[in-house]
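Asker:
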Amino acid sequence: MKIIKNAMIVTQDEKNPVIRKGYIKINGDKIDAIGSMEEIIEEQLQAEEIIDARGQIAIPGFVACHNHLYSAIVRSLPYSGYDDVDFSFVSWMERFWFQKLENKVTNKDVYLGTLINCMEHVKHGYTTTADTVEGPFALPGTLFSAGEAAEKSGIRAVLSFETTGRVNDEIAQLGLKENVDFIEHTRKNPGRIEGRIGVHTTYTCSTELIQEARAEADRLQCGMQMHLCDDRWHTYDTTLRFGKRAVKYLEDIGFLGPDVLFAHASYLDLLKDPEILARYACKVSHQSISNAIFGFWPNMIPLIQAGVTVALGTDGMTQSMFEIMRAAQMIHRIRYENLELLPDKDVFKMATVNGAKALLKEKEIGSLETGKKADIVLLENNSPVPVFEQNIWNYLVSVADSAHVDTVLVDGQVVVKNRKHQLVDEAAVREECRQQAKDFWSRNGWPTP
Numbered sequence: 073m074k075i076i077k078n079a080m081i082v083t084q085d086e087k088n089p090v091i092r093k094g095y096i097k098i099n100g101d102k103i104d105a106i107g108s109m110e111e112i113i114e115e116q117l118q119a120e121e122i123i124d125a126r127g128q129i130a131i132p133g134f135v136a137c138h139n140h141l142y143s144a145i146v147r148s149l150p151y152s153g154y155d156d157v158d159f160s161f162v163s164w165m166e167r168f169w170f171q172k173l174e175n176k177v178t179n180k181d182v183y184l185g186t187l188i189n190c191m192e193h194v195k196h197g198y199t200t201t202a203d204t205v206e207g208p209f210a211l212p213g214t215l216f217s218a219g220e221a222a223e224k225s226g227i228r229a230v231l232s233f234e235t236t237g238r239v240n241d242e243i244a245q246l247g248l249k250e251n252v253d254f255i256e257h258t259r260k261n262p263g264r265i266e267g268r269i270g271v272h273t274t275y276t277c278s279t280e281l282i283q284e285a286r287a288e289a290d291r292l293q294c295g296m297q298m299h300l301c302d303d304r305w306h307t308y309d310t311t312l313r314f315g316k317r318a319v320k321y322l323e324d325i326g327f328l329g330p331d332v333l334f335a336h337a338s339y340l341d342l343l344k345d346p347e348i349l350a351r352y353a354c355k356v357s358h359q360s361i362s363n364a365i366f367g368f369w370p371n372m373i374p375l376i377q378a379g380v381t382v383a384l385g386t387d388g389m390t391q392s393m394f395e396i397m398r399a400a401q402m403i404h405r406i407r408y409e410n411l412e413l414l415p416d417k418d419v420f421k422m423a424t425v426n427g428a429k430a431l432l433k434e435k436e437i438g439s440l441e442t443g444k445k446a447d448i449v450l451l452e453n454n455s456p457v458p459v460f461e462q463n464i465w466n467y468l469v470s471v472a473d474s475a476h477v478d479t480v481l482v483d484g485q486v487v488v489k490n491r492k493h494q495l496v497d498e499a500a501v502r503e504e505c506r507q508q509a510k511d512f513w514s515r516n517g518w519p520t521p
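And the structure:
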């Protein structure tokens, strides 16, 4: 038994959203009780481990719904690595990401990139991450390498391999089989790591391949992940080939459903697509900072207004959910010139409750409630002004930062304490990843120190 006491608690439970001074009892991997310190006597607060969170804010762990964790090995790549790539998105994808990253990664690259990103994710307050693993020529075993890394880091992870037909049919089938094998493996060995079916997108996968992936998800009763309309090319492509835009095409081939999580959805038919996605209860992960880096201008407001669950992801571009929340809010307020859009409370919900819903895990995570997983983050409250029920959401979205993350529990286990990771040697992991990145850059002919 563990007990966290004296914390301001943001539960994300609509019935009791904020407890000004409260406690959380943890039994194993679940929350056993939660309430106000005024409702309990000291004798009831005895446990093997007691965390006095006075001066701290307890929040549900963040849920990142779209990542490419292995891509840590190409962070801060010297510009000369892009010399033969113009910066249209399609050119960047085909001439850099596909040819120089995806096609050349090894399972060791995937393992170390995933490990350091997961390690940093937890330190930034994420307790759950959903990852799309790539590497068609690293198959088989690529998902298993990512899973091993995620397990070691202490994070909760939902992993999929990006099934793609862009290489050849054999690779496409290997990718789909990787997903199936990993899902079956994690079900035989249940824990924090699980799988789902991953499909790249409409312009790299045939109708038959997408439908085959859909059939496997139906058979396995698992979730699916797919990139949707990252940029305008997706729309042009499906319109040219099928005479219809991407969402309508996917509806007509029987792909849509409540188990589908789309990444991006940046360029939709905003008059028709939100209603279609809402009707099928599809979910969307919005990558605000990644989209901004590429110059995209996504619009989630029509989706939200239609009732689509919109969550948040990093896309491998940043670690801070605080920055992602702020960027999501600012992008849309600038678009509409309306400061009332995406209130702080709603944005924080996107990072927690909506993330859990997007991954079909709302009964387990996303809020701090009795019976749910003990995925908890303790933030230092360094505010120079009082923080209480009336301004807590503004503080969390507009003021708080990853530097305030002090303690992180996943499954009831303390993974980060006093800002230090408790399960891995951070310095050793960074150095090993640094050497692996240097090796990968050398393989591509990029400059290294």
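Numbering (this note's numbering), first residue to last: 73 to 521.
Glycine included, C-beta positions come from ideal geometry on N, C-alpha and C.
(1) Which of helix, strand or coil does DSSP assign to residue 216?
(2) How many Å lie between residue 346 and residue 270 at the Cα?
(3) Anyone know if the C-beta pair for residue 508 and residue 184 falls short of 7 Å?
(4) Just mark residue 465 as buried or exposed, buried being the case when its beta carbon has 16 or more other beta carbons within 10 Å.
(5) If you draw a straight line from the C-alpha of residue 200 to the C-alpha of residue 441, how long is it?
(6) Measuring straight from C-alpha to C-alpha, what distance separates residue 264 and residue 229?
(7) Among residues of its own chain, excluding the 5 on either side of residue 528, which ones have a beta-carbon nearer than 7 Å to its beta-carbon?
(8) For residue 236, which residues in the same chain have their Cβ closer than 7 Å to its Cβ, ignoring the five residues on either side in sequence?
(9) I'd like to check one pair, residue 516 with residue 180: are the Cβ atoms closer than 7 Å?
(10) Alpha carbon to alpha carbon, what distance is there between residue 84 and residue 94?
(11) State the Cα-Cα distance for the pair residue 152 and residue 510, rounded to the nearest angstrom.
(12) In whole angstroms, what separates the C-alpha of residue 402 from that of residue 340?
(13) Where does residue 124 sit, in a helix, a strand or coil, going by DSSP?
(14) Would you check if the distance between the CB atom of residue 190 and the CB atom of residue 427 is smaller than 7 Å?
(15) DSSP three-state label for residue 78, please.
(16) Checking 7 Å against the spacing of the C-beta atoms, do residue 299 and residue 335 come in under that value?
(17) Since residue 291 and residue 327 should fall inside the 8 Å C-beta cutoff, what is the C-beta to C-beta distance between them, to a whole number of angstroms?
(18) If you draw a straight line from the alpha carbon of residue 384 to that of residue 479, how long is it in whole angstroms?
(19) Less than 7 Å between the C-beta atoms of residue 123 and residue 76, yes or no?
(20) Can you name, in chain order, every residue of its own chain whose Cβ lies under 6 Å from the Cβ of residue 134, other than the five neighbours on each side?
(21) By a C-beta neighbour count over all protein chains shown, 10 Å radius and 16 as the cutoff for buried, is residue 369 buried or exposed?
(22) Going by DSSP, what residue range makes up the alpha helix (DSSP H) through residue 510?
(23) By alpha-carbon positions, which one of 329, 389, 364 and 406 ends up nearest to residue 380?
(24) Taking C-alpha atoms, which residue in 176, 144 and 412 lies nearest to residue 239?
(25) Considering Cα atoms alone, identify which of 296, 74 and 168 is closest to residue 234.
(26) Find out if the Cβ-Cβ distance for the pair residue 80, residue 120 is shorter than 7 Å.
(27) Please list the terminal residues of the continuous beta strand (DSSP E) segment that includes residue 228.
(28) For residue 357, does the count of other Cβ atoms within 10 angstroms reach 16, so buried, or fall short, so exposed?
(29) Please tell me whether residue 451 and residue 472 are closer than 7 Å, where the distance is taken between their beta carbons.
(30) May I have the straight-line CA-CA distance separating residue 513 from residue 146, to the nearest angstrom?
(31) Alpha helix (DSSP H) containing residue 417: first to last residue?
(32) Whose C-alpha, out of 397, 107, 493 and 227, is nearest the C-alpha of residue 87?
(33) In chain order, which beta strand (DSSP E) runs of at least 3 residues are fully inside the stretch 435-487?
(34) Restricting to Cα atoms, I'd like to know which of 342, 432, 282 and 445 is closest to residue 97.
(35) Need the endpoints of the beta strand (DSSP E) that residue 361 sits in, please.
Answerer: With the given structure in hand:
(1) Position 144 of the sequence shown holds residue 216. Residue 216 falls in the helix class under three-state DSSP.
(2) Within the sequence shown, residue 346 is the residue found at index 274, counting from 1. Within the sequence shown, residue 270 is the residue found at index 198, counting from 1. Their Cα atoms are separated by approximately 22 Å.
(3) Counting from one through the sequence shown, the residue named residue 508 turns up at place 436. Counting from one through the sequence shown, the residue named residue 184 turns up at place 112. For residue 508 and residue 184, yes; Cβs fall inside 7 Å.
(4) As a first step, residue 465 is located in the sequence shown; it is residue number 393 there, counting from the start. Its Cβ being crowded by 16 or more others within 10 Å, residue 465 is buried.
(5) Translated into positions along the sequence shown, residue 200 becomes position 128. Translated into positions along the sequence shown, residue 441 becomes position 369. Cα to Cα, residue 200 sits roughly 17 Å from residue 441.
(6) Here residue 264 corresponds to residue number 192 of the sequence shown, with the count starting at 1. Here residue 229 corresponds to residue number 157 of the sequence shown, with the count starting at 1. Residue 264 and residue 229: Cα-Cα distance of roughly 6 Å.
(7) Nothing about residue 528 can be read from this structure; the chain reaches only from 73 to 521.
(8) Numbered from its first residue, the sequence shown carries residue 236 at position 164. So the list reads 208, 244, 247, 272, 276 and 277, once near-sequence residues are dropped.
(9) Working through the sequence shown from its first residue, we reach residue 180 at position 108. Working through the sequence shown from its first residue, we reach residue 516 at position 444. Against a cut-off of 7 Å, the Cβ pair of residue 516 and residue 180 comes out as no contact.
(10) Stepping through the sequence shown from its first residue, residue 94 is reached at position 22. Stepping through the sequence shown from its first residue, residue 84 is reached at position 12. Approximately 14 Å, taken between the alpha carbons.
(11) Counting from one through the sequence shown, the residue named residue 152 turns up at place 80. Counting from one through the sequence shown, the residue named residue 510 turns up at place 438. With a pLDDT of 49 at residue 152, under the threshold of 50, the modelled position of that residue is not reliable, and no figure is offered here.
(12) For the purposes of this step, residue 402 is identified with residue 330 of the sequence shown, where counting begins at 1. For the purposes of this step, residue 340 is identified with residue 268 of the sequence shown, where counting begins at 1. Residue 402 and residue 340: Cα-Cα distance of roughly 20 Å.
(13) In the sequence shown, the residue the question calls residue 124 occupies position 52. The answer is strand: DSSP assigns residue 124 an E or B state.
(14) Sequence index remark: in the sequence shown, residue 190 carries index 118 (1-based). Sequence index remark: in the sequence shown, residue 427 carries index 355 (1-based). Against a cut-off of 7 Å, the Cβ pair of residue 427 and residue 190 comes out as no contact.
(15) Here residue 78 refers to the residue found at position 6 of the sequence shown. Looking at residue 78 - three-state DSSP - the assignment turns out to be strand.
(16) Residue numbering aside, residue 299 sits at position 227 when the sequence shown is read from its first letter. Residue numbering aside, residue 335 sits at position 263 when the sequence shown is read from its first letter. Yes, the pair counts as a contact, with Cβ atoms nearer than the cut-off.
(17) Residue 291 sits at position 219 when you count from the first residue of the sequence shown. Residue 327 sits at position 255 when you count from the first residue of the sequence shown. Their Cβ separation, rounded to whole angstroms, is 15 Å, which puts residue 291 and residue 327 out of contact at 8 Å.
(18) For the purposes of this step, residue 384 is taken as residue 312 along the sequence shown, with counting starting at 1. For the purposes of this step, residue 479 is taken as residue 407 along the sequence shown, with counting starting at 1. Their backbone Cα atoms lie some 22 Å apart in a straight line.
(19) On the sequence shown, residue 123 is found 51 positions in, with the first residue counted as 1. On the sequence shown, residue 76 is found 4 positions in, with the first residue counted as 1. Result yes, Cβ atoms of residue 123 and residue 76 sit closer than 7 Å.
(20) Within the sequence shown, residue 134 is the residue found at index 62, counting from 1. Only 197, 198, 393 and 423 meet the Cβ criterion.
(21) In the sequence shown, the residue the question calls residue 369 occupies position 297. It counts as exposed.
(22) As a first step, residue 510 must be located in the sequence shown, where it is residue number 438. 498-515 is the span of the alpha helix (DSSP H), which, as asked, contains residue 510.
(23) On the sequence shown, position 308 is the one that residue 380 refers to. Closest option to residue 380, Cα to Cα, is 329.
(24) Working through the sequence shown from its first residue, we reach residue 239 at position 167. Of the candidates 176, 144 and 412, the one whose C-alpha sits nearest the C-alpha of residue 239 is 176.
(25) Here residue 234 corresponds to residue number 162 of the sequence shown, with the count starting at 1. Of 296, 74 and 168, the residue nearest in Cα terms is 296.
(26) Locating residue 80 in the sequence shown gives position 8, counting from the first residue. Locating residue 120 in the sequence shown gives position 48, counting from the first residue. Not a contact, by the Cβ cut-off of 7 Å.
(27) Mapped onto the sequence shown, residue 228 falls at position 156. Where residue 228 is concerned, the enclosing beta strand (DSSP E) stretches over 228-235.
(28) As a position in the sequence shown, residue 357 is number 285, starting the count at 1. Buried, since its Cβ has 16 or more Cβ neighbours within 10 Å.
(29) Start at 1 with the first residue of the sequence shown, and residue 451 comes out as number 379. Start at 1 with the first residue of the sequence shown, and residue 472 comes out as number 400. Closer than 7 Å, so yes.
(30) In the sequence shown, the residue the question calls residue 513 occupies position 441. In the sequence shown, the residue the question calls residue 146 occupies position 74. So the alpha carbons of these two residues sit roughly 8 Å apart.
(31) In the sequence shown, residue 417 corresponds to position 345, counting from 1. Where residue 417 is concerned, the enclosing alpha helix (DSSP H) stretches over 416-423.
(32) To locate residue 87, count along the sequence shown from 1; it is residue 15. When only C-alpha atoms are compared, the closest one is 107.
(33) 448-452 and 477-482
(34) For this step, residue 97 is matched to residue 25 along the sequence shown. Nearest of 342, 432, 282 and 445 to residue 97, Cα basis: 445.
(35) For the purposes of this step, residue 361 is identified with residue 289 of the sequence shown, where counting begins at 1. Residue 361 -> not in any beta strand (DSSP E); alpha helix (DSSP H) instead, spanning 360-365.
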